[in-house]
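There are 2 protein chains.
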Amino acid sequence: MSEMNLRVSPRTVQQGTVDKLRMAIFTGLFQPGSRLVESQLCTQLGVSRPSLREALRSLEAERLIEIVPNKGPSVPALSWERAMAIYEVRELLEAEAAGRCALRISPEDLQALEASLNAFEAAAASHDGMAQVTTAADFYAIILASCGNPVLEEVHRGLLARISFFRGRSMSLEGRAQNSLREMRDIFEAIAARDPKAARKAAKRHVLRARAAAKIAMETGT
Amino acid sequence: MSEMNLRVSPRTVQQGTVDKLRMAIFTGLFQPGSRLVESQLCTQLGVSRPSLREALRSLEAERLIEIVPNKGPSVPALSWERAMAIYEVRELLEAEAAGRCALRISPEDLQALEASLNAFEAAAASHDGMAQVTTAADFYAIILASCGNPVLEEVHRGLLARISFFRGRSMSLEGRAQNSLREMRDIFEAIAARDPKAARKAAKRHVLRARAAAKIAMETGT
DNA sequence: GATTGCCAGATTGCCAGACAATCGGTGTTG
DNA sequence: CAACACCGATTGTCTGGCAATCTGGCAATC
Chain X
1 MSEMNLRVSP RTVQQGTVDK LRMAIFTGLF QPGSRLVESQ LCTQLGVSRP
51 SLREALRSLE AERLIEIVPN KGPSVPALSW ERAMAIYEVR ELLEAEAAGR
101 CALRISPEDL QALEASLNAF EAAAASHDGM AQVTTAADFY AIILASCGNP
151 VLEEVHRGLL ARISFFRGRS MSLEGRAQNS LREMRDIFEA IAARDPKAAR
201 KAAKRHVLRA RAAAKIAMET GT
Chain Y
1 MSEMNLRVSP RTVQQGTVDK LRMAIFTGLF QPGSRLVESQ LCTQLGVSRP
51 SLREALRSLE AERLIEIVPN KGPSVPALSW ERAMAIYEVR ELLEAEAAGR
101 CALRISPEDL QALEASLNAF EAAAASHDGM AQVTTAADFY AIILASCGNP
151 VLEEVHRGLL ARISFFRGRS MSLEGRAQNS LREMRDIFEA IAARDPKAAR
201 KAAKRHVLRA RAAAKIAMET GT
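Protein sequences appear in the order of chains X and Y.
For the first sequence, the UniProt record's numbering assigns the number 1 to the initial residue and increments by one for each residue that follows.
For the second sequence, the UniProt record's numbering assigns the number 1 to the initial residue and increments by one for each residue that follows.
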C-alpha cells in the first residue's frame, strides 16, 4: 500500500472536532437532554474555545445539537414522534432516489452497489452491529450518489446522522438484519432490472419495515 | 399595541451576522464565485473574527457558501444543473406537504393560508417583486408547517434560501406572477376541498412551471 | 411557611491580539 | 522556458480577557 499520502484536504482541527463530537453523540456518550459545557469539552477534546464553538455551530446546523443563546448547547431528546417524521422523509427521499437510480445508474456504480450489498450480507452473518450500520449506510450512499440529483443526496446526508442513530438500535433486533438484507436485495434487483416502479416500491417497503423495527426496539427499551 | 417587548431570544451578534450575510448573498451583493475575505467582512459588518467565523460555519451548513481549508469561504456559482436539481427536490417535498396538508390542516391554518394567498395577490397586482417573494414564501411556509411533519418542514427550510434566490429572478418575468397566483390558488382550493391527490398535482404543476419560468429568466440573462 | 428579592458563582457572548501554516503570485536562475 | 526560492496576504488556531446572562441558594418579607 505504501505511503497512502493522498490527503485531499488537510483535515482541520475544526473538522476533527465535529467528527469526534458527532461520534460521541452517536455512541450515546452524551445523554439526550444533557447540556454540553464548552470549557469541559475544550479540555476533553484538547481544542480551544473558538475552534470548539465553530464545531458546535456546524453540529447545530446538522440538528445534532441545539444552541440556546446564553444557555449553551445541548443534545436534544429525540422523541418517537420526531423519529417517525424522519422515517417518513426517508421514505420519500429514498424511494425517489431508488426510482431514479433504476433509470440512470452506471454499470460501475451498479457493480459497487452489489459489492456493498455483499458486504452487508457478510456483516449480517457475522452479527457485527457496527459493520451492519456502516455497510447499510454505504448501500444507500451509492444509491443517492447515483440517482443523478446531487441536491437529493445532500438533503439525505443531512438526515443521515439521525438515521444512523436508529439503524443501530433496530439492527440489534433478532432477525432484523436478515430481513433487511432481503429488502435491500429487492431494491438492488429492481435497480439492476431497470425497473423504477419496482425500485420505488422496494425502497418504500424497506423503510416501512425499518420503521416498524425501530418502533419495537424503542418500546422494548434501548 | 403598547410595548411589544416579547423578545423571545435576544438576537446575538452571530445570528445578526448570519442574517446580514444571507441577505447580502440574496441581493447579489457578493458575486457568485467571489471569495469572501474574513478581515474585510469583519470591518464591514463590525464584528470580530471569531463571531464572523461562527456565522460562516452556519452559512456553510446552509450551503450558501463553501469553505475550503486554507483558501477561505466563497459564494459557489449556482449552475443551472444544480438549480434544476433543487427544483426537483422542491417538487418532491412540496407535493408531499400539500398532499398531507389536505388531510390534516386545521381551520385556523387554512384561514391563514387564504390570507397569505390574498397577500400574494396584492403583491402581484402592485408589481412589488420583493413582496411577491416574501408572500409566496409565507404561503409555502404555512403549508409546510401544517403538513404534520416537522422534519419535512425543516428540510424544506434548508432549501428555502436557494429557492428564494430563483423566485426573485423568475417573478420578474412578465405575467409570471399572475400565473403563479393561479397555480397557488389551485393548490389552496385543493387543500380546502380536502383533496390530497389534487393538492399534490397542483403543487407539482406549480413547481414545474416555476422551473420553466426560471429557465427562461436565466437564459435571457439576469 | 411560602413567596419574593437578591447575590455570588458559573457559563456564555464577544472581542483584541498574536503566531504559525499555507496559498498565490513574483522574480530569479539555470 | 521551466524550475525554484521568496514574500505578502490570508487563514487556522490559540491565549487571555471582559461584560452579559443564567442558575441556585440564601435572606428578607408577608
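The C-beta atom is built at its ideal place from N, Cα and C for all residues, glycine as well.
The structure displayed is predicted, hence computed values, not measured ones.
{"Query": "Residue nearest to Leu144 of chain X in terms of C-alpha spacing, selected from X:Glu189, X:Pro50, X:Leu160 and X:Ser48", "Result": "X:Leu160"}
{"Query": "Neighbourhood of Arg90 of chain Y by C-beta distance below 7 Å, restricted to the same chain and skipping five residues each side", "Result": "Leu159, Ile163 and Val207"}
{"Query": "Whether Ser79 of chain Y touches Leu36 of chain Y by CB criterion (8 Å)", "Result": "no"}
{"Query": "CB contact flag (Thr17 of chain Y, Leu45 of chain Y, <8 Å)", "Result": "yes"}
{"Query": "DSSP three-state assignment for Val68 of chain Y, whether helix, strand or coil", "Result": "strand"}
{"Query": "Spatially closest choice to Ser170 of chain Y from Y:Arg200, Y:Ala136 and Y:Glu38, by CA coordinates", "Result": "Y:Ala136"}
{"Query": "is_contact[Ser146 of chain Y, chain X] using C-beta, thresh 8 Å", "Result": "no"}
{"Query": "Cβ neighbour criterion (16 or more within 10 Å) applied to Asn70 of chain X", "Result": "exposed"}
{"Query": "Inter-stretch contact at 8 Å, needing at least 3 Cβ pairs: the segment 43–61 of chain X / the segment 114–126 of chain Y", "Result": "no"}
{"Query": "Inter-stretch contact (C-beta, 8 Å, three-pair minimum) for the segment 92–102 of chain Y and the segment 190–204 of chain Y", "Result": "yes"}
{"Query": "Helix, strand or coil at Pro73 of chain Y according to DSSP, with G and I counted as helix", "Result": "strand"}
{"Query": "Three-state class that DSSP yields for Arg82 of chain Y in the structure shown", "Result": "helix"}
{"Query": "Boundaries of the alpha helix (DSSP H) in which Leu160 of chain X is found, first to last residue", "Result": "Pro150 to Met171"}
{"Query": "Touching by the beta-carbon criterion (3+ pairs, under 8 Å), the segment 172–179 of chain Y and the segment 124–132 of chain Y", "Result": "yes"}
{"Query": "Below-8 Å beta-carbon distance, Lys114 of chain Y vs any chain X residue", "Result": "Note on residue identity: the sequence assigns Glu, not Lys, to residue 114 of chain Y. No - not a single Cβ of chain X is within 8 Å of the one on Glu114 of chain Y."}
{"Query": "Presumed contact (8 Å Cβ cut-off) between Leu13 of chain X and Ser51 of chain X, rounded CB distance", "Result": "The residue you asked about is not Leu; residue 13 of chain X is Val in the sequence shown. Yes, Val13 of chain X and Ser51 of chain X are in contact; Cβ-Cβ is about 5 Å, under 8 Å."}
{"Query": "CA-to-CA distance, Ala24 of chain Y to Phe30 of chain Y, given in whole angstroms", "Result": "7 Å"}
{"Query": "Neighbour flag for Ser74 of chain Y against chain X, beta carbons, 8 Å", "Result": "no"}
{"Query": "Leu6 of chain X versus Met84 of chain X - alpha carbon distance", "Result": "Note on Leu6 of chain X: pLDDT 41, under 50, position unreliable in the model; no value is reported."}
{"Query": "DSSP three-state assignment for Arg22 of chain Y, whether helix, strand or coil", "Result": "helix"}
{"Query": "Beta-carbon proximity list for Ser34 of chain X, same chain, < 7 Å, skipping 5 on both sides", "Result": "Ser74 and Val75"}
{"Query": "Residues of the segment 144–172 of chain Y whose Cβ lies closer than 8 Å to any Cβ of chain X, in chain order", "Result": "Asn149, Pro150, Val151, Leu152, Glu154, Val155, Gly158 and Leu159"}
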